[in-house]
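The C-terminal position of the sequence shown is numbered 523 in the numbering used here, with every residue numbered one higher than the one before it.
Think of the CB as a built atom: it goes at the ideal place given N, C-alpha and C, for glycine as much as any other residue.
Since this is a predicted model, take the numbers as computed values, not measurements.
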Amino acid sequence: MNSDRDHLAAQFQRLSDEELVSRGTSGGLTALAQSVAIAEAQARGLSLPALQPMDEANPAEGAYHGDMQIVARYLTPTEAHMLCSCLQAAGVPAETGDTNLVQAHSLLAGAVGGACLRVPVQFAPEAMEVIAAYKRGEFALDEDFDFGA
């Protein structure tokens, strides 16, 4: 175990301050790596906020929300993934289905019903509201939107 700690310490010592802070605050470190990163940051006079280690973070992530319901179907997997991301950003647990099949065999997309978007049954009304807002164009960017800002 000490060799792991020593190896991690050597790795973190090679990082710049910015990279150390970035990795230390990413939330993707194990408990051991997080403790070594914090120790290295403190030795440099930097402060890292206390984060949950990766294996203990987000206990509700992937939680079972009940039966899934298909709320939309799209002929392109890209659109299904895009709407899935919109739903997830709105706090609705969502997943896509049949996207690999439709991507690989696009001529069968109509026959299989296209790529589907599924949400837990209790989230279906909220999902339908988000999808309707998307279709109304509420998430569209203005023509003068500055991507560099």
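Taking Cβ positions, are residue i and residue j nearer each other than 8 Å?
i, j, result
"V476", "G488", "yes"
"T450", "C458", "no"
"R379", "L406", "yes"
Going by Cα to Cα distance, which pick from the options is closest to residue i?
i, options, result
"Q416", "V395, D518, H455", "V395"
"S390", "G401, R379, A411", "A411"
"L422", "G484, L491, E393, L449", "E393"
"Y508", "T473, L449, M456, L403", "M456"
"L491", "Q462, H479, F519, Q408", "Q462"
"D441", "G402, V486, L481, Q496", "Q496"
"A383", "L420, G401, S409", "S409"
"A454", "A413, T473, Y438", "T473"
"A506", "V486, A446, A413", "A446"
"A514", "L482, C460, L481", "C460"
"G484", "P494, Y448, T452", "Y448"
"E414", "G402, R510, H381", "H381"
Would you list the one or two residues that DSSP bridges to residue i?
i, result
"C490", "R447, G471"
"M442", "P494"
Could you spell out where the alpha helix (DSSP H) holding residue i opens and where it closes?
i, result
"V395", "391-398"
"H381", "376-388"
"V466", "Run containing V466: none; DSSP gives neither H nor E here."
"L525", "Look at the range of the chain in this structure, 375 to 523, and you will see that residue 525 is not part of it."
(request) Could you say if the segment 454-472 and the segment 493-510 meet the contact criterion of at least three C-beta pairs nearer than 8 Å? (result) yes
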